[in-house]
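Undergrad: I'd like to ask some things about the structure below.
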Amino acid sequence: MNGAIPVLRGRVQAGAPLAPFTWFRVGGPAEWLVRPADEQDLVALLAGLPAGMPLTVLGAASNLIIRDGGLPGVVVRLGGAFGGVVVEADGLVAGAAALDVTVAQHAAAAGLAGLEFLSGIPGSIGGAVAMNAGAYGAEVKDVLDWAEVATAGGIRRLPAADFAFAYRHAALPPGGIVTRARFRAAPGDAAAIAARMAEIRAAREATQPVRARTGGSTFKNPPGHKAWELIDAAGCRGLRQGAAQVSEKHCNFLLNTGGATAAELESLGEAVRSRVLAHGGVQLDWEIKRLGLPA
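In full-length UniProt numbering, the protein residues as written are 1 to 295.
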């Protein structure tokens, strides 16, 4: 045992820095960082954890602020064994660690249409299922057949209906971790698929700060509104707090301009929410997850 961690075949590390994994490049360490060797190792971890031990799953860590005091308990990061993509005649099966854009590229290479939107989502498949990720007019719920979820009792394959998908939300079994998912796709025209993906890439690069230290869309779009328009109207474009800044290019993105703390990013986000509420009477809800302890 490593303290309270069961013996595993994968890698277990105490006090591991997490900031390098996150797109914002901020945040404190994990009390325990665990990289399971495979699905069986992951199930053994879940089955062997003491009751009440905090558990966090880290995917591509794109849509995430880890607070400066770090994450207590166990942080799970799924690696290569969970990154495979298998193309089938009418869809594909992807591991939770596969990047969304990689899955879109595999589908395109096989002449399968309907998954192009994944190329516009900066994350991994496990996170995409867990939050019903979407972009460019489609979301995971539109194309998911099933997903496999690891629990303390083993691996369960659940049909899409069991996730009770809503906007940026999925209901997973308590303590469950997505390990694989199957997506429907249909044979399509290779040139049209390539053109659609090029269009998405160009739209992202033209409108979003894709090369900056950012976390993707900060706030959910409230019903009947676009979050960026509300933020812009409230005078928040370019607003700064320390080294954290609201992007000038797309004001629903926060930036770490260099040396920002998680506290500065979160505080800036809260300032934006306050200004939007005061100006337009609309409550913005965070889309970015904020996890862990303050410094």
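Using N, Cα and C, we set each Cβ at its ideal position, and we do this for glycine too.
Going by CA-CA distance only, name the one from Ala243, Gly175, Glu205, Leu277 that's closest to valine 76.
TA: Taking the sequence shown and counting its residues from 1, one reaches residue 76 at position 76. Of the listed residues, the one whose Cα sits closest to valine 76 is Gly175.
Undergrad: With tryptophan 146 as the anchor, note down where its beta strand (DSSP E) starts and where it stops.
TA: Position 146 of the sequence shown, counting from 1, holds the residue named residue 146. Note, tryptophan 146: beta strand (DSSP E), 144–151.
Undergrad: On the CB-based measure, 16 or more other CB atoms within 10 Å of its CB, does proline 20 come out buried or exposed?
TA: Along the sequence shown, read from residue 1 onward, the residue named residue 20 stands at position 20. Exposed, since its Cβ has fewer than 16 Cβ neighbours within 10 Å.
Undergrad: In three-state terms, what does DSSP make of glycine 15?
TA: The count along the sequence shown starts at 1 and reaches residue 15 at position 15. If DSSP states are grouped into helix, strand and coil, glycine 15 belongs with the strands.
Undergrad: Using the C-alpha atoms, what's the distance from alanine 60 back to valine 26?
TA: Counted from its first residue, the sequence shown places residue 26 at position 26. Counted from its first residue, the sequence shown places residue 60 at position 60. Approximately 14 Å, taken between the alpha carbons.
Undergrad: Could you give the C-beta distance for alanine 260 and alanine 234, rounded to a whole number, given that I count them as a contact under 8 Å?
TA: The residue you call residue 260 lines up with position 260 of the sequence shown. The residue you call residue 234 lines up with position 234 of the sequence shown. Between alanine 234 and alanine 260 the Cβ distance is about 21 Å, and since that is not below 8 Å, they are no contact.
Undergrad: What residue ranges within the segment 163–229 form continuous alpha helix (DSSP H) runs of no fewer than 4 residues, ordered along the chain?
TA: Listed in chain order, the complete alpha helix (DSSP H) runs (minimum 4 residues) inside the segment 163–229 are 190–207.
Undergrad: By Cβ distance below 7 Å, which residues in the same chain neighbour aspartate 285 in space, the five residues on each side in sequence not counted?
TA: Counting from 1 along the sequence shown, the entry for residue 285 is found at position 285. For aspartate 285, where only same-chain residues beyond five positions count, the Cβ hits under 7 Å are Phe219, Lys220.
Undergrad: Are valine 57 and isoleucine 177 close, meaning C-beta to C-beta below 9 Å?
TA: For the purposes of this step, residue 57 is taken as the residue at position 57 of the sequence shown. For the purposes of this step, residue 177 is taken as the residue at position 177 of the sequence shown. For valine 57 and isoleucine 177, yes; Cβs fall inside 9 Å.
Undergrad: Check leucine 277 in the structure and name its three-state DSSP category.
TA: Taking the first residue of the sequence shown as 1, we reach residue 277 at position 277. Helix at leucine 277.
Undergrad: Among the candidates Ala37, Leu45, Leu18, Glu264, whose CA atom is the shortest distance from the CA of glycine 154?
TA: Position 154 of the sequence shown, counted from the first residue, corresponds to residue 154. Ranking the options by Cα distance to glycine 154, first place goes to Leu45.
Undergrad: Between leucine 115 and leucine 99, what straight-line distance do the alpha-carbon atoms span, to the nearest angstrom?
TA: Position 115 of the sequence shown, counted from the start, is the residue given in the question as residue 115. Position 99 of the sequence shown, counted from the start, is the residue given in the question as residue 99. Approximately 13 Å between the Cα atoms of the pair.
Undergrad: Suppose contacts are defined by Cβ-Cβ distances below 9 Å. Is glycine 70 in contact with glycine 215 by that definition?
TA: Position 70 of the sequence shown, counting from 1, holds the residue named residue 70. Position 215 of the sequence shown, counting from 1, holds the residue named residue 215. No, Cβ-Cβ distance for glycine 70 and glycine 215 is not below 9 Å.
Undergrad: With H, G and I counted as helix, E and B as strand and the rest as coil, what does DSSP make of proline 20?
TA: Stepping through the sequence shown from its first residue, residue 20 is reached at position 20. Proline 20 falls in the helix class under three-state DSSP.
Undergrad: Would you check if there are 3 or more beta carbon pairs closer than 8 Å linking the segment 198–216 to the segment 150–165?
TA: Counting Cβ pairs under 8 Å, fewer than three are found: no touch.
Undergrad: Spell out a yes or no on whether the segment 46–53 and the segment 90–110 are touching, meaning 3 or more CB-CB pairs, one atom from each, closer than 8 Å.
TA: Short answer: they don't touch.
Undergrad: Which residues share a DSSP beta bridge with valine 86?
TA: Against the sequence shown, residue 86 aligns to sequence position 86. Partner(s): Val93.
Undergrad: Taking the beta strand (DSSP E) that glycine 154 falls in, what are its first and last residues?
TA: Indexing the sequence shown from 1 puts residue 154 at position 154. Taken as a continuous stretch (DSSP letters only), the beta strand (DSSP E) holding glycine 154 covers 154–159.
Undergrad: With distances taken between CB atoms, is the gap from aspartate 145 to alanine 160 smaller than 9 Å?
TA: Taking the sequence shown and counting its residues from 1, one reaches residue 145 at position 145. Taking the sequence shown and counting its residues from 1, one reaches residue 160 at position 160. Yes, the Cβ-Cβ distance between aspartate 145 and alanine 160 is below 9 Å.
Undergrad: May I have the straight-line CA-CA distance separating proline 17 from serine 124, to the nearest angstrom?
TA: Position 17 of the sequence shown holds residue 17. Position 124 of the sequence shown holds residue 124. Whole-angstrom Cα-Cα distance: 20 Å.
Undergrad: Counting only runs that start and end within the segment 21–75, where is the beta strand (DSSP E) found for 3 or more residues in a row?
TA: Counting only runs of 3 or more, we get 29–35, 55–58, 64–66.
Undergrad: From alanine 108 to alanine 171, what distance separates their C-alpha atoms?
TA: On the sequence shown, position 108 is the one that residue 108 refers to. On the sequence shown, position 171 is the one that residue 171 refers to. Going from the Cα of alanine 108 to the Cα of alanine 171 covers about 29 Å.
Undergrad: Just to confirm my understanding: we take glutamate 287, look at its own chain, exclude 5 residues before and 5 after, and list those with CB closer than 7 Å. What are they?
TA: Looking up residue 287 in the sequence shown gives position 287. Around glutamate 287: Asn63, Arg168, Ser217, Thr218, Phe219, Lys220.
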